[in-house]
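Residue numbers (the working numbering), protein chains in the order written: chain A, 53 to 420; chain B, 6 to 264.
Where is the CB? At the ideal position from N, CA and C, for every residue including glycine.
Owing to the predicted nature of the structure, the values given are computational and were not obtained by experimental measurement.
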Ligand SMILES: Nc1ncnc2c1ncn2[C@@H]1O[C@H](COP(=O)(O)OP(=O)(O)OP(=O)(O)O)[C@@H](O)[C@H]1O
Ligand SMILES: [Mg+2]
């Protein structure tokens with residue numbers, strides 16, 4: 053396979069696999085008799101692809117720039133809420149209270165008017181802008197202060213976590229106007245397409261695959277540019293980078309904002325497929341799980357991060373089906389094991405293994 | 006400002022100092038790392054700074070580059086710019102280049118990329134995002150690789166270089182920046198005697214067009230530089246002059262023997 057700047061070998065293989073998936077799943081679900089791909093599986097795959105995009109977003113900042121963000125769950129959730137607000141307005145008079153303007157939960161808590169920040173969300177285009185604008189703006193403002201004050205390392209992780217936690221508490225409150233702890237749900241359709249239909253589910257899953265591919269290529273374009281090289285510089289030797297005249301905080305701000313927007317897109321695609329968004333998406337465990345996906349798949353590889361998300365989310369679905377109480381222990385054990393046994397993640401181990409097979413000698417060179 | 010021993014005295018009116026430190030002090034937890042330090046570097050001058058461990062040599066460079074803010078005193082660049090108001094990126098863009106005491110290169114980039122990233126140019130993120138390699142820059146990189154004699158290793162990952170090779174690479178990066186003033190902190194550490202002399206020749210050839218301040222413990226190296234020497238002790242200038250002259254001064258001898 054010819055390697056180009058954007059599509060190197062691993063990217064080529066991953067995108068080819070993704071392409072096969074986006075063709076095989078719809079065919080198996082919609083056109084083959086006996087439906088070998090059941091519809092619940094379509095939605096599940098779509099969800100995994102959103103997670104994969106979220107993992108790529110985190111890998112951009114953590115893998116390439118050393119910012120261990122525990123706030124990506126929040127950017128994801130904010131993108132999801134922006135989409136959820138549109139989906140709520142789409143329900144219109146079909147809600148339980150049949151109010152053409154107010155979502156059910158607002159009627160329930162006795163509100164008479166739509167709050168100003170809900171205005172315009174009946175337009176898909178506005179929601180689509182907000183999906184990237186809100187997480188992007190939050191990341192920009194947060195990053196502006198954090199990076200300028202040179203907060204790094206574990207302190208930065210802690211304040212991103214604090215931001216996420218504060219948002220969770222805020223979204224839990226009914227007075228915020230986002231449905232409190234129930235969140236936003238009971239969606240009916242998106243742009244007139246019935247969310248319960250097979251076709252819509254297949255369409256959303258395919259859209260998620262396209263978004264993942266686009267996200268991977270954008271991330272790859274950034275990381276292979278000179279800007280990407282500077283990010284690695286400041287990850288490895290921040291002070292040195294400053295003394296060469298690079299404004300480190302501007303670079304961090306750029307990548308943090310882009311990454312947050314990508315996470316927002318992932319959240320926006322996730323919500324119509326799972327049918328609900330609530331404050332639990334802001335929980336600490338979620339943000340940590342994203343980190344685990346990336347570490348497990350292979351930090352700083354983009355494709356590895358996507359792979360890690362899909363593998364772990366898949367394992368979670370299986371395990372929580374069999375032994376619901378064991379999942380967190382299994383995840384913890386998996387994380388410890390991978391960190392010790394596969395320091396370069398699953399992708400690193402795979403590539404190392406293939407390399408050894410090719411050479412036919414079991415050396416440890418690949419790990420050096 | 007209190008009179009310091011062996012200071013070169015007031016500035017002659019026609020002097021055009023590149024860098025002018027006046028009464029600079031900086032304390033860390035009450036300990037005065039820099040204590041009423043004054044220093045004048047003429048444009049194009051080569052200056053060696055020596056002094057025992059902890060004399061404040063590295064801290065002096067931190068202050069010049071905006072990494073550390075002085076508690077009191079003035080640091081003037083080309084008689085007009087107050088360096089105490091700037092940070093590292095500002096001073097770098099102004100034309101002050103620095104080599105760290107502990108050689109620091111970008112370990113995950115190739116030798117070539119290390120130089121390319123140091124080349125003078127637009128440092129903004131957007132310029133970097135849309136950057137395309139230019140033929141002129143490739144030629145400059147070839148030239149630098151020749152100077153630091155790492156041409157054969159140009160595609161090697163910098164992390165795999167030896168200590169001495171990293172020193173050279175960092176010197177190359179410093180040259181790539183095309184600075185007006187070079188601050189070189191212990192460049193000879195980890196180098197062979199022959200390499201040390203090559204470094205001295207290189208720095209001598211650079212001075213003239215640019216100003217250079219070199220900190221070094223290796224006296225053979227300082228002798229080879231054949232330039233004015235400033236002796237720092239407890240954060241201020243103890244002596245200044247030719248190496249032979251200052252090393253004959255009783256107070257300098259005492260500082261070096263007394264430790
Ligand atoms: N950031 C800091 N915080 C606390 N103390 C500091 C700091 N930077 C320097 N010092 C102290 O200031 C003094 C001067 O240190 P400096 O590194 O400038 O010495 P030096 O002359 O470069 O010594 P060496 O020859 O060992 O490199 C030392 O006692 C050091 O411990
Ligand atoms: Mg020092």
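Can you list, in chain order, the residues of its chain whose CB lies under 7 Å from that of residue i, leaving out five sequence neighbours each side?
i: residue 146 of chain B; result: 117, 120 and 121
i: residue 394 of chain A; result: 400 and 401
i: residue 273 of chain A; result: 58
i: residue 351 of chain A; result: 111, 114, 115 and 397
i: residue 195 of chain B; result: 168, 169 and 172
i: residue 184 of chain B; result: 100, 101, 102 and 215
Quick one: is residue i buried, meaning 16 or more other Cβ sit within 10 Å of its Cβ, or exposed?
i: residue 190 of chain B; result: buried
i: residue 152 of chain A; result: exposed
i: residue 213 of chain B; result: exposed
i: residue 247 of chain B; result: exposed
i: residue 123 of chain A; result: buried
i: residue 66 of chain A; result: buried
i: residue 79 of chain A; result: exposed
i: residue 369 of chain A; result: exposed
i: residue 345 of chain A; result: buried
i: residue 121 of chain A; result: buried
i: residue 259 of chain B; result: exposed
i: residue 376 of chain A; result: exposed
i: residue 36 of chain A; result: Any property of residue 36 of chain A remains undetermined from this structure, which presents chain A solely from 53 to 420.
i: residue 25 of chain B; result: buried
i: residue 141 of chain A; result: buried
i: residue 42 of chain B; result: buried
i: residue 260 of chain A; result: buried
Could you list which residues in chain A have their beta carbon closer than 9 Å to that of residue i, in chain order?
i: residue 22 of chain B; result: Near residue 22 of chain B there are no residues of chain A at all, since even the closest Cβ is about 22 Å away, more than 9 Å.
i: residue 190 of chain B; result: Neighbours of residue 190 of chain B on chain A: none; closest Cβ ~11 Å, over 9 Å.
i: residue 168 of chain B; result: Under the 9 Å cutoff, chain A gives no residues; its nearest Cβ is about 16 Å from residue 168 of chain B.
i: residue 239 of chain B; result: Correct list: empty, because the minimum Cβ distance to chain A is about 26 Å.
i: residue 97 of chain B; result: 294, 295, 296, 297 and 298
Rounded to the nearest angstrom, how far is the Cβ of residue i from that of residue j, given a contact under 8 Å?
i: residue 264 of chain A; j: residue 70 of chain A; result: 7 Å
i: residue 149 of chain B; j: residue 177 of chain B; result: 5 Å
i: residue 137 of chain A; j: residue 160 of chain A; result: Their Cβ separation, rounded to whole angstroms, is 17 Å, which puts residue 137 of chain A and residue 160 of chain A out of contact at 8 Å.
i: residue 61 of chain B; j: residue 215 of chain B; result: Not confirmed; about 24 Å, so no contact.
i: residue 349 of chain A; j: residue 357 of chain A; result: 5 Å
i: residue 390 of chain A; j: residue 347 of chain A; result: 7 Å
i: residue 234 of chain A; j: residue 330 of chain A; result: 6 Å
i: residue 193 of chain B; j: residue 221 of chain B; result: 6 Å
Could you list which residues in chain A have their beta carbon closer than 7 Å to that of residue i, in chain order?
i: residue 130 of chain B; result: 279, 302, 303 and 306
i: residue 47 of chain B; result: Going along chain A, no residue has its Cβ under 7 Å from residue 47 of chain B, so there is no contact; the nearest lies around 23 Å.
i: residue 70 of chain B; result: 295
i: residue 93 of chain B; result: 294 and 295
Under 6 Å Cβ to Cβ from residue i, same chain only, skipping five residues before and after it: list those, please.
i: residue 362 of chain A; result: 100 and 104
i: residue 145 of chain A; result: 152
i: residue 92 of chain B; result: 71
i: residue 167 of chain A; result: 229
i: residue 244 of chain B; result: 11, 236, 251, 254 and 257
i: residue 109 of chain A; result: 311, 314 and 315
Which residues in chain A sit within 8 Å of residue i, going by Cβ to Cβ distance?
i: residue 182 of chain B; result: 296 and 297
i: residue 103 of chain B; result: 295
i: residue 118 of chain B; result: 281
i: residue 122 of chain B; result: 278, 281, 282, 285 and 296
i: residue 143 of chain B; result: Within 8 Å Cβ-Cβ: nothing; residue 143 of chain B doesn't reach chain A, min ~14 Å.
Residues of chain B with CB closer than 8 Å to the CB of residue i, please, in chain order.
i: residue 62 of chain A; result: The premise fails here: residue 62 of chain A is roughly 18 Å from chain B at the closest Cβ pair, so nothing lies under 8 Å.
i: residue 292 of chain A; result: 105, 109, 110 and 111
i: residue 289 of chain A; result: 109, 110, 111 and 112
i: residue 317 of chain A; result: Residues of chain B passing the Cβ test: none, with the nearest at roughly 20 Å.
Taking 8 Å as the limit between beta carbons, can you name the residues of its chain near residue i, skipping five residues before and five after?
i: residue 317 of chain A; result: 105, 131, 183, 184, 263 and 267
i: residue 73 of chain B; result: 31, 64 and 67
i: residue 217 of chain A; result: 334 and 336
i: residue 298 of chain A; result: 282, 285 and 286
i: residue 169 of chain A; result: 229
i: residue 276 of chain A; result: 57 and 58
Mind pulling the chain B residues with CB within less than 7 Å of residue i?
i: residue 200 of chain A; result: Going along chain B, no residue has its Cβ under 7 Å from residue 200 of chain A, so there is no contact; the nearest lies around 11 Å.
Could you tell me whether any non-hydrogen atom of ligand 3 is closer than 6 Å to the CB of residue i?
i: residue 141 of chain B; result: The ligand content of the structure shown is limited to ligand 1 and ligand 2, which means ligand 3 is not among them.
Going along chain B in order, which residues have a C-beta closer than 9 Å to the C-beta of residue i?
i: residue 274 of chain A; result: 134
Query raised in the report: Quick one: any contact between the stretch 237-254 of chain A and the stretch 320-335 of chain A, if contact means 3 or more CB pairs under 8 Å?
Result: At 8 Å Cβ cutoff, the stretches touch.
Query raised in the report: Taking three-plus beta-carbon pairs below 8 Å as touching, is the stretch 68-75 of chain B in contact with the stretch 240-257 of chain B?
Result: Because the criterion of three Cβ pairs below 8 Å is not met, the stretch 68-75 of chain B and the stretch 240-257 of chain B do not touch.
Query - At least three beta-carbon pairs within less than 8 Å, the stretch 186-197 of chain A to the stretch 307-321 of chain A - result: The stretch 186-197 of chain A makes contact with the stretch 307-321 of chain A, as at least three CB pairs between them are under 8 Å.
Query - the stretch 84-91 of chain B contacting the stretch 44-59 of chain B, beta-carbon criterion three pairs below 8 Å - result: No: the two stretches stay apart, fewer than three of their Cβ pairs being nearer than 8 Å.
**Report entry** Segment contact, 8 Å Cβ cut-off, at least three pairs: the stretch 36-43 of chain B with the stretch 235-247 of chain B
**Finding:** As far as the Cβ criterion goes, the stretch 36-43 of chain B touches the stretch 235-247 of chain B, which means the pair count is three or higher.
**Report entry** Meets three-Cβ-pair contact criterion under 8 Å: the stretch 90-97 of chain A and the stretch 278-292 of chain A
**Finding:** Taking a cut-off of 8 Å on C-beta distances, the stretch 90-97 of chain A does not touch the stretch 278-292 of chain A, as fewer than three cross pairs fall below it.
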